[in-house]
Amino acid sequence: MRGEWTTPELLPFNGMSYSVAHPTLSPKEDYLFFASDMPGGFGEMDLYRVERVGNRWGQPINLGRAVNTEGNEVFPNCDSKGRLFLLPMDILA
Numbered sequence: 001m002r003g004e005w006t007t008p009e010l011l012p013f014n015g016m017s018y019s020v021a022h023p024t025l026s027p028k029e030d031y032l033f034f035a036s037d038m039p040g041g042f043g044e045m046d047l048y049r050v051e052r053v054g055n056r057w058g059q060p061i062n063l064g065r066a067v068n069t070e071g072n073e074v075f076p077n078c079d080s081k082g083r084l085f086l087l088p089m090d091i092l093a
């Protein structure tokens, strides 16, 4: 965090029945974007955002139909200005 290595911790929204993968932090490290097949999504893998306040993570928020399809949305990437870039996995198939 903040450019330094820390002891790894499990994210509180991880689950045994679904995957949480491909995390990327916003430049200010106040948001984490990731892909997941957790229940309630629109497709196979959806993109989510979760806010960090202090040292605690909030609840994941699905980025919605404007981003997620019935397919696989994975590999979110945040640039130095905080813009989110996406590459749907289905394009690679």
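Numbering (this note's numbering), first residue to last: 1 to 93.
Here a beta-carbon is modelled for each residue, glycine too, at the ideal position from N, C-alpha and C.
None of these values were measured; they are calculated from a predicted model.
Checklist entry - Just how far apart, CA to CA, sit PRO39 and TYR18? => result 8 Å
Checklist entry - Since THR24 is in the beta strand (DSSP E), which residue starts that stretch and which ends it? => result 20-25
Item to check | DSSP bridge partner residues for SER36 (one or two, in chain order) | outcome: VAL20, ASP46
Item to check | Contact belief for LEU10 with PRO23 at Cβ below 8 Å, rounded distance in angstroms | outcome: Their Cβ separation, rounded to whole angstroms, is 12 Å, which puts LEU10 and PRO23 out of contact at 8 Å.
Checklist entry - From ASN14 to VAL20, what does the alpha carbon distance come to, in whole angstroms? => result 6 Å
Item to check | Among GLU4, GLY3, LEU86, nearest to ASP46 - alpha-carbon criterion | outcome: LEU86
Item to check | Beta-carbon proximity of ARG52 to ASP79, cut-off 7 Å | outcome: no
Next on the checklist: Just list the residues that DSSP pairs PHE85 with in beta bridges.
Outcome noted: ASN77
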